[in-house]
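Q: Residue numbering for the sequence shown follows our numbering, beginning at 31 and increasing consecutively.
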Amino acid sequence: MSTFLIGGILVKLIFYLVSGMYNTLWRYASIEELLQIVIVTFVANAITDIGFKLIGASLPASVLVLNLMFDLIFVGMIRVTYRLARRIKIKQISSEAKSEERVLIFGAGQAGIAMVKDLMINSKTKRYNIVGFLDDDPHKENKKVKGIPILGNRYAFKEVAKAYDVSQIIIACPAVHSKTIKEVAELANETQVPVKILPSLDEILNYNVSVSRLRDLQIEDLLNRDEVELNKDQISSFIRGKRVMVTGGGGSIGSELCRQIIRYCPSQMIIVDIYENSLYHLELELNNFLENNTCIGTTIDLEIASIRDKKRINDVFESYRPQVVFHAAAHKHVPLMEKTPKEAVKNNIFGTKNLLDAAVKYQVEKFVQISTDKAVKPTNVMGATKRVCEMLIQTYNKTNQTEFAAVRFGNVLGSNGSVIPVFKDQIAAGGPVTVTHKDITRFFMTIPEATQLVLEAGSIAKGGEIFVLNMGEPVKIIDLAEKMIRLSGLEPYHDIPIVFSGLRPGEKLYEELSYNLTNFDSTKHEDIFVENIWPFDKDWIDQELGRLKHYAETGSDEDVIQQLKSLVPDYLPNRNSPVTIEKVIELEKV
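1) Who does Gly488 pair with in a DSSP beta bridge?
2) Quick check on DSSP: helix, strand or coil for Leu520?
3) Excluding the 5 residues flanking Glu541 on each side, which residues of the same chain have their C-beta closer than 7 angstroms to its C-beta?
4) Determine the closest residue to Phe380 out of Arg243, Asp345, Val418, Pro352, with distance taken between C-alpha atoms.
5) Which of the three DSSP states, helix, strand or coil, is assigned to Ser197?
6) Could you check the C-alpha separation between Glu512 and Thr328 for me, to the nearest Å?
7) Does the distance from the CB of Leu320 to the CB of Gln482 come in under 8 angstroms?
8) What are the partner residues of Leu13, as DSSP defines its beta bridges?
9) Can you check whether the CB of Ile490 is closer than 8 angstroms to the CB of Glu286?
10) Hey, could you find the ends of the beta strand (DSSP E) Glu541 is sitting in?
11) Gln201 to Lys340, Cα distance in whole Å?
12) Within 10 angstroms of the Cβ of Leu594, are there 16 or more other Cβ atoms? Answer buried if so, exposed if not.
13) Using the C-alpha atoms, what's the distance from Lys176 back to Ile123?
14) Here's a check: name, in chain order, each residue in its chain whose Cβ is nearer than 7 angstroms to the Cβ of Tyr294, leaving out the five neighbours to either side.
15) By the 10 Å Cβ neighbour count, where 16 or more other Cβ atoms means buried, how is Tyr601 classified, buried or exposed?
16) With H, G and I counted as helix, E and B as strand and the rest as coil, what does DSSP make of Asn323?
17) So Val133 and Leu149 are in contact, right, with Cβ under 8 angstroms, and what is the actual spacing, rounded?
18) Under 7 angstroms Cβ to Cβ from Asp469, same chain only, skipping five residues before and after it: list those, please.
19) By Cβ distance below 6 angstroms, which residues in the same chain neighbour Leu517 in space, the five residues on each side in sequence not counted?
20) Using 10 angstroms around the beta-carbon of Phe163, count the other beta-carbons present and answer buried if the total reaches 16, otherwise exposed.
21) State the CB to CB distance for the pair Glu427 and Gly494, rounded to an integer number of angstroms; the pair is presumed to be in contact (CB under 8 angstroms).
22) On a CA-only basis, which of Thr324, Asn159, Leu228, Glu588 is nearest Glu130? Give me that one, please.
23) Please classify Glu315: does DSSP put it in a helix, a strand, or coil?
24) Step through the CB atoms of chain D and report whether any lies within less than 8 angstroms of the CB of Ala388.
25) Cβ atoms of Asp251 and Ile283: under 8 angstroms apart, would you say?
26) Using only the alpha-carbon positions, how far apart do Lys506 and Val465 sit?
27) Give me the Cβ distance between Thr277 and Val302, rounded to the nearest whole Å; I'm assuming they're in contact under 8 angstroms.
28) Look at the alpha carbon of Ser308 and the alpha carbon of Lys173, and state the distance between them as a whole number of angstroms.
29) Can you find the residues in the same chain that come closer than 8 angstroms, C-beta to C-beta, to Phe530, ignoring five residues on each side of it along the sequence?
30) Take the Cβ of Ile69 as the centre, count every other Cβ of all protein chains shown within 10 Å, and call the residue buried at 16 or more, exposed below.
31) Determine the burial state of Met99: buried for a count of at least 16 other Cβ atoms within 10 Å of its Cβ, exposed for fewer.
32) Considering just the uninterrupted stretch of the beta strand (DSSP E) at Thr277, what are its terminal residues?
33) Identify whether Ile563 lies in helix, strand or coil by the three-state DSSP scheme.
34) Rounded to whole angstroms, how far is the Cβ of Ser604 from the Cβ of Thr409, which I believe are closer than 8 angstroms?
35) Using 8 angstroms as the cut-off, can you tell me whether the region 343-362 makes contact with the region 385-402, which would need three or more C-beta pairs spanning the two stretches below that distance?
36) Kindly indicate the opening and closing residues of the alpha helix (DSSP H) around Ile151.
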């Protein structure tokens, strides 16, 4: 029987060959080819059956039917399946081709090369076609890196983008100046090419360069500020191996302080905040940092506590005995504090006093207070409370062994309650973007820059200083709004309207960093100065604070305002109407 079956298979193969079935390309198999297969298979099986009968080998009808079905499946379906599989593969390749990113990389240095490697090896969701580099180094022009050509400097971008149909540019220069970033961003905006950028140099040193680290351009990238130069050895000797506490550690300034401090390997980080969610996420981030770095024995401890709770603060200090304290916890929102001056006083002034008392009691070596430019000639409750805190810092420093100092700086971009998140939300909603006044200006620096200078100031503090950071030139808020709109790929006034809402109560058109611009002493760092302010008498401070505490607990808002004026004579409250430049000048003359 097996001989007959083998003979039958040979007959079918010969018949298929003669009928031309093997001349059809499988990739083009269609209904016509399938019909041909059915006819040829049916005829081949009929001839085989007749052949079996002629030699006296009859097969059951069921076997003949099954044989015909199997032939149709194996001969026909294999061809159709191949066709379908090939079509699916073609669609997949076509889809991948459509999602391909034609990438231009600005920066042919180490970070740029590392980015190329990651794009080629580790990209999973997209295909990247790296068309070339741009680099401002004239010695690199017309050369190749890893086989990829360097097509020119930044000014060749528009020509290169058009010639190579660039769909994305990646800025892979972690230490590039913001002026360069701004120029590249403007060129990209003109050609409607999206821009991605690598994080800062500090982040690159501690993490691998990868596609996952790329982010969109942010307004912080466009500030014309040089990178901060730090005396890292001095900061290291100030922090390394010590127990360091940060209050308000869950906030924008406090959390960045923690990120900077952990790099210098303290023996223990004690992070205090009243809001548990932000602390939880910060702890995960810091622990991840420790796992990937060389700090040995550094521990992180979180404490949920209000600085207004004196007993709780004393318990925390007693448990950990911190050697260095950075105090960033405060109510900072100007309009809200105008509405609730008693809460501002209780938290900012008496919360700070609780910390100062605990620092003395538990022999803290150094205490650094985060202050604000709004403490200078304040026109609002928040600024007045922060000025009182500066006065307390100097007063406590006179009478105790702990070294107390304050660091004063202006607005930080992207901090909680700042104008940046508000503008982002307004742009996302389609506008309008609201600016209080066309001429309003503010000093700005980035959060990392501010916190790095705070660490530097803390490391050089001897006690009693009011440090003032160099904030550069003031920035017009209207210019900031226009830049943010353009960063979103839109045009101000055309795509997104800008409206002027009017100055809010207690708001200045401009801020000041010092009471007397000529009354500065320089320090070892060119961006850190010390303002010479004569310290106040402790007995007088205590007496005035006693009255303020009484009014904050049992008095009216107006009682609190008047007592703040007694403590801060140059406090010019204006809670019912905005403060103009003319009004400030007039009040100063009085």
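Ideal Cβ placement from N, Cα and C applies to all residues, glycine included.
A: Here's the rundown:
1) In DSSP, Gly488 forms no bridge with anything.
2) coil
3) Asp403, Lys404, Gly440, Arg472, Phe473
4) Check the Cα spacing between Phe380 and each of Arg243, Asp345, Val418, Pro352: the tightest is with Val418.
5) coil
6) 44 angstroms
7) For the 8 angstroms CB-CB criterion, Leu320 and Gln482 do not form a contact.
8) Residue numbering for the chain in the displayed model covers 31 to 620; residue 13 lies beyond these limits and cannot be assessed.
9) no
10) Glu541 -> no beta strand (DSSP E), and no H or E assigned at all.
11) With the sequence shown as reference, residue 201 is identified as Ile, and Gln is not the correct amino acid for it. Taking the straight line joining both Cα atoms gives about 49 angstroms.
12) buried
13) Only weak support exists for where Ile123 lies, its pLDDT of 49 falling under 50; the value from the coordinates is given anyway. If I take the Cα positions, the gap works out to 26 angstroms.
14) Ile265, Ser266, Ile269, Arg270
15) buried
16) If DSSP states are grouped into helix, strand and coil, Asn323 belongs with coil.
17) 7 angstroms
18) Leu539
19) Leu247
20) buried
21) One point to set straight first is that residue 427 is Asn, not Glu, in the sequence displayed. The beta carbons of Asn427 and Gly494 sit about 4 angstroms from each other, so the pair counts as a contact at 8 angstroms.
22) Asn159
23) The three-state reading of DSSP puts Glu315 in helix, counting H, G and I together.
24) Of the protein chains in this structure there is only one, and it is not chain D.
25) no
26) Taking the straight line joining both Cα atoms gives about 10 angstroms.
27) 5 angstroms
28) 48 angstroms
29) Thr464, Val465, Thr466, His467, Lys468
30) By the neighbour-count rule (16 or more Cβ atoms within 10 Å), Ile69 is not buried but exposed.
31) exposed
32) Looking at the DSSP string, the run of the beta strand (DSSP E) that includes Thr277 is 273-277.
33) coil
34) Before going on, a small fix: residue 604 reads as Asn here, not Ser. At roughly 6 angstroms, the Cβ-Cβ gap stays under 8 angstroms, so Asn604 and Thr409 are in contact.
35) Result yes; three or more Cβ-Cβ pairs closer than 8 angstroms.
36) Residues 140-151.
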